[in-house]
Structures are given as C-alpha cells and as structure tokens.
Amino acid sequence: LTSHDRGLTWTVQDLPLVSAEAAGATSVEMGPDGFGFVAGGAIGLPFAGARVSVSRDAGTTWTAAGEPALIGPIYGAARANGAGGHLMAAAGPGGISWSPDGGATWRVADTRSHWAVAFTDDGTGWAVGPRGTVTRLDFEHPEVRQGDLVVVGGRLFSGMEDEAISNPGVLIRDGVILAMGFDDRNVPEGAEVVRVADHATVLSGFFDLHAHYALDLFGEGRLGRVDEAKVNAAVFLANGVTSTFPAGEVTPTAFDEAVAAIASGERPGPRIHRSGAYFGSWRAGWDHGAMTSDSIRAEVRYWAGRGVRGFKAKGIRPAQLEVLIDEAHRFGLTVTGHLDSGFRDSVNPRDAIAMGIDRVEHFLGGDATPADRSAYASIERFDLDDPETRRLIDEQVGRFVDGGVFFDATLHTYGYYAERDPEVFPYFRDEMGILTPYARSVVEARLPMDPNEQFGRIYRVKHGTVRAFVEGGGAHLLTVGTDHPSWGEYFSGFALHRELHALSRADVPNHVVLRAATANAARALGLGHRLGTIEPGKLADLVVVDGDPLADITVTRKLLHVIRDGRVYDPAALLDSVRGTLGPVGPEEAAAWGAGLP
1 LTSHDRGLTW
11 TVQDLPLVSA
21 EAAGATSVEM
31 GPDGFGFVAG
41 GAIGLPFAGA
51 RVSVSRDAGT
61 TWTAAGEPAL
71 IGPIYGAARA
81 NGAGGHLMAA
91 AGPGGISWSP
101 DGGATWRVAD
111 TRSHWAVAFT
121 DDGTGWAVGP
131 RGTVTRLDFE
141 HPEVRQGDLV
151 VVGGRLFSGM
161 EDEAISNPGV
171 LIRDGVILAM
181 GFDDRNVPEG
191 AEVVRVADHA
201 TVLSGFFDLH
211 AHYALDLFGE
221 GRLGRVDEAK
231 VNAAVFLANG
241 VTSTFPAGEV
251 TPTAFDEAVA
261 AIASGERPGP
271 RIHRSGAYFG
281 SWRAGWDHGA
291 MTSDSIRAEV
301 RYWAGRGVRG
311 FKAKGIRPAQ
321 LEVLIDEAHR
331 FGLTVTGHLD
341 SGFRDSVNPR
351 DAIAMGIDRV
361 EHFLGGDATP
371 ADRSAYASIE
381 RFDLDDPETR
391 RLIDEQVGRF
401 VDGGVFFDAT
411 LHTYGYYAER
421 DPEVFPYFRD
431 EMGILTPYAR
441 SVVEARLPMD
451 PNEQFGRIYR
461 VKHGTVRAFV
471 EGGGAHLLTV
481 GTDHPSWGEY
491 FSGFALHREL
501 HALSRADVPN
511 HVVLRAATAN
521 AARALGLGHR
531 LGTIEPGKLA
541 DLVVVDGDPL
551 ADITVTRKLL
561 HVIRDGRVYD
571 PAALLDSVRG
581 TLGPVGPEEA
591 AAWGAGLP
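By this note's numbering, the letter at position 402 of the sequence shown is numbered 402, and the numbering carries on one by one without gaps.
So, in structure tokens, the structure goes:
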C-alpha cells in the first residue's frame, strides 16, 4: 500500500517480490529523497524469486533489485544515510549481504545467521542475530587512483530528486560511477579532474528514444533515406545525447558499422541501443500476408541474436503486434509503436496497452480517436475545453498509468512541418554547417518547405495532451524522442534540446522534462539499473551545462563537457571535427545518398 498524501488515500501495488503463504516482505524503508525498498523472501527456501524491490519515485513505481549474496530469506534490511544514501545491507539466516549502489549489486559481508541490521548516522552498520550475536559493519571510502576521473564543483541533478544539490563530487573508475562524496584534494598524478563552476550543473547523459539517423537530402521520401551514423553519431554526442534508440533502422548495416566503430574507440558517439528493422508497412518490402505469427517470431529471434534492445512497430496490424510484443518479451526486449486509431486495420494505443506494449509514440489514442477515421484526423480537431473530449483523454492517460506504459511525446516534431514556433525552432548552432558545401546547396535550393497546416494544428493540440498526461499521473512515464529524419535543414542531435524546450513550454515542470530525457528513458528501455541517474554503480554518462536547467530549460544547449563511459569530450571540438563532412561532395556521389531512387 502506498500513500502520497499522508494516509488520506492509498494505492494498492503488486511488487516484484516473491509472494506466497510463507513468503513476502519483512522490511520496508522510504527516504525523503524518494528512494525506498522492500525486502523479504520465502521461509524454508534458499531461492524463490525476487527478495528486494526498490523505488526511486517515492513508491510510485517499483523494480526488482539485484539478488543479495546470501542464501534464504531476508529478515531485516536497512539503508545508510551516508555514502550518498546508496549503501544498503540485508540480514537473514544465510548471513549479511551489502550493496554499495542502492541494491543493483551485492557482496557478502558475513555468512553467520543474523536477524536485523541498522545504520548509525556516520554510516556504521550494526547487525544482531542468534545467541547474542552483535556484528559491526565498517565500510571503507575508496581512494582516488591513477586513471580515475573526479567531477567536482557546481550543482548536481541526479535524476532521483526534484531539485539539484551541491555536487558532492563524483568518482568514476573504468567507466562506472564508483562513489559519491569526493573533492579535488589528494588527487594523485594521473587522475583526471573536471572542475565545474558554481553556477553550472552536472546531469546524467541524455537519451533520445526516437533518434533517427536517417537522411533524405534529395526529397525522395522514405525509400530515398539512408541511415548516416558517422557524422550524426558525433553530433548526438556533442549535444549531450549519450544514448540513442533509432526507433526503426532503414539500413541496419550502417548501425553494424557504427556500433563497432564506437565500441572500438575509432569514432566518438553515443550508445546505440539497436532497434533492428521496422515491424510493419513502414519497412520497405513488408508483406502483411507473408508476415505470419511464425515469421514475426523468427524475426524477433534473429534480431535478439544481433543484440537489439527493442523494436519499433509502424503500419502493423493488431494480430501482428500482439505476437511481436509476446515474442519480444520472451527475450526481455521492449516494443514501441507509431500506432493509429484502429482505422483500416491499424492499432489504437488503447488496444496496444491491453496487449502489453511497453511504449507508445506521438499520441495517446483511446476512445478520443475513433476507428472511423485516422488518428490525425481526430487529433487536429480536438477541443480540449470540451468536457467529453477531456474525459476520454484522461481515461486513456489512466490506461497508460495503470499499465506502466511509457509515452514518447515527440512534441516538437510536428512543428518542423508547420509554421515554425518562433520560440523553439530558431538555430542556436550552425546546424547546416555539418553539410558538405554541395549538400548544403542542394538542401537550400529546396527551402523553405511549404507548411503542413494539419501538422500545425496537431502541434498546438499536443501541448495540451502532453500536459494532461503529466497532470494525470504520467510524469514518471514521459520520455523524450526527437523523430526527425533530416532533410538537411535541422538535425536530430540538436533537436533533443528543441524537444526539451517544447515540453517546458507545454507547462511540464523542468525537473519532469529532465527526468524524461534521463531516468525515465533509461527505464523505458529496461536499462534503469545501469543508466539514467547519477549514483554509484551506474555507467558514467554525464553532461555539464553552463547554468541551471531547472530554472531555464534552454541551458541544456550550453554544454561544457560530455562524459560518455567515463571519457570526457569537448562538445565544440566534436562539432568542429565533422563540420563540412555530411553528404555527397558533388553530383557524382548523389546516388549513394538517395538521389534518383525509384
């Protein structure tokens, strides 16, 4: 049972914790920072399912933690106030196990039976057990070594609280956040220090969950696009985007090469969490008749074997989507979808939620988008002041929240095709400067594009529906994606900041916007245990921005440092390294970039 109003109302939640007649929870703790845990187990059984569940949002959502390194149930567990609040210990008949990183990983402290454990204010642990056993637990603070990276100074927004705090100092070793609570004193020669100015802010690296690398420089449409993952990878990283999900790959071989080059250090770039080919008619050559249940399952197995993180459906039929979700979940992979209303055998997000989809792109769906017309035809005519329309939208938001389904709003995306919002779309860098002179001349000859009036209306409506999603309890399920297959005027890396700005202008609180691009996005891909927040045990993907993005979200554009996997990059140098290199150098190379394709 969880209450957010001091006990006036309560919500029943099913925890990812072993449950039976002689199994369940024995300990619970919730801190003022919103981090809490429940621990327990099954009496008489050495291992019988998850024994620790953690929450980082004051009990709104819960995830299974790592498995403690002890046999049998947990009788007592506790969290220390020191060490950034991430030190935990669990005790039971199998001994004592402790975690330095909020339950992600565990180590053995003692193998003797114990019944309970607690911490003093200085972080010392005490455990008690049978026959008068009293055990003291002392935890050493690691020392900075040669080759380590220490980030000190400024403010820190960890992604776990609503506010930034004074940066306690972040110690990074071998690409992982090792501990918090360091300064730049006694740093040995050979260790690296990033000193952050008092007014600047350290954040977790940004995610783009709809990160198209696709280009269409010649206006040939979908079939004319190519996935360009060389220059674009550097552009993403230069904008603080340390993780991307392509949301459908037009040319998967481009990502094979990019992932290998980035992993080897040959080329700078973000983590590319592969999506594989589209599932649905948006994939060139897709044949609905040929894509049977067996075919879809076989494709999922193929892509799972190639290491994808999830799948994107677009133009898929209901029966196909149901199979895709089921088979993807067998491999622990996620599914997102650009869906519709149910019109012409498409899938309404309402029905996809019932199937168990993990994330929905662009619009909420539900009964406000009936199946007798396309979703766009309904959305552009929404009157959000109409009580019935608002009731249907709120009802659909409730389905997202109840199902724990993420929503990738792509709010600013529709503005590219309409009369440009003068607050969101002005250049803040010379984006077209990354094009070759010839490619730039080709693109500029096609500008300006004629505005799409329908998309302009949808852009305005979506401000209200995104706000309704957050106000309806979906703040922890909002994610950030750019969805901009570029025609050369704008590029996806820079677009991340436009999306953050658009969300803020829709009255989404800035701390919610920042979490959408970090902690929420990591959880949406099933990576919340490794990425998305700044805490010990997480991979060291960080950004430093020149100001306070909680006060002004456009500060995210003012990047001072990008840290990816513990390596520090200069954003300006990254952009300079690819300036004038994207696209064909002359007409003789145009065909390779999609010109003249049928």
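Virtual Cβ for every residue (Gly too), placed ideally from N, Cα, C.
Since this is a predicted model, take the numbers as computed values, not measurements.
Per-residue DSSP class, three states only, for residue i
i    : result
R79  : strand
L223 : Low per-residue confidence applies at L223: pLDDT is 48, beneath 50, and the placement is therefore not dependable enough to give any value.
G594 : coil
T2   : strand
D208 : strand
G84  : Note that G84 scores a pLDDT of 47, beneath 50, so its modelled location is shaky; the value from the coordinates is reported in the next line. G84: helix per DSSP, three-state reduction.
M355 : helix
I172 : strand
A475 : helix
E192 : strand
T120 : coil
G102 : coil
V18  : coil
S113 : coil
T61  : coil
A468 : helix
E589 : helix
A495 : helix
G125 : strand
G72  : coil
Beta-carbon separation (whole angstroms), residue i vs residue j, contact threshold 8 Å
i    : j    : result
P270 : T244 : 5 Å
H210 : T465 : Not confirmed; about 17 Å, so no contact.
V513 : I563 : Their Cβ separation, rounded to whole angstroms, is 21 Å, which puts V513 and I563 out of contact at 8 Å.
V347 : I325 : 11 Å between Cβ atoms; not a contact.
A238 : P571 : 5 Å
G154 : L137 : So it is not a contact: roughly 33 Å between Cβ atoms.
F505 : E423 : Per the sequence shown, the amino acid found at residue 505 is Arg instead of Phe. Going by Cβ atoms, the distance from R505 to E423 rounds to 6 Å, so yes, they are a contact pair.
H273 : L525 : 6 Å
G240 : G205 : 6 Å
CB contact flag (residue i, residue j, <8 Å)
i    : j    : result
T389 : F400 : no
V193 : L171 : no
A418 : Y459 : yes
R56  : G34  : yes
A42  : P68  : no
V196 : V568 : no
L542 : A439 : no
S97  : A109 : yes
H212 : A247 : yes
G433 : G580 : yes
L321 : M355 : yes
T556 : L500 : yes
G40  : A22  : no
S486 : L203 : no
S281 : G310 : no
V360 : G472 : no
D467 : V508 : Looking at the sequence provided, one finds Arg at residue 467 rather than Asp. For R467 and V508, yes; Cβs fall inside 8 Å.
V28  : V18  : no
H86  : P536 : yes
N167 : L156 : yes
R225 : V187 : no
K312 : T336 : yes
L411 : A475 : no
T242 : G547 : no
A377 : F363 : no
A540 : G532 : no
V461 : F218 : no
G366 : L392 : yes
Y490 : Y414 : no
heavy atom of the ligand FMN below 7 Å from residue i C-beta
i    : result
S204 : Summarising the ligand content, the structure contains no ligands, and the ligand FMN is consequently not present.
Beta bridge counterpart(s) of residue i as assigned by DSSP
i    : result
S97  : A90, V108
M30  : G36
T11  : T2
S166 : R155
L139 : A quick correction: the sequence has Phe, not Leu, at residue 139. DSSP output for F139 lists no bridge partner at all.
I618 : In this structure the chain extends from 1 to 598, so residue 618 is not present and cannot be described.
Every unbroken alpha helix (DSSP H) within the segment 226-307, with a cutoff of 4 residues, ordered by chain: 231-238, 252-264, 293-305
Length at least 3, wholly inside the segment 561-587: the beta strand (DSSP E) runs in chain order: 567-569
Length at least 4, wholly inside the segment 370-445: the alpha helix (DSSP H) runs in chain order: With a minimum length of 4 residues, the continuous alpha helix (DSSP H) runs that stay inside the segment 370-445 are 375-379, 387-403, 437-445.
Entirely enclosed beta strand (DSSP E) segments - the segment 309-360, minimum 3 residues: Qualifying beta strand (DSSP E) stretches, in chain order: 310-314, 334-338.
Length-filtered (3 minimum) beta strand (DSSP E) runs lying within the segment 497-567: Runs found: 542-545, 559-564.
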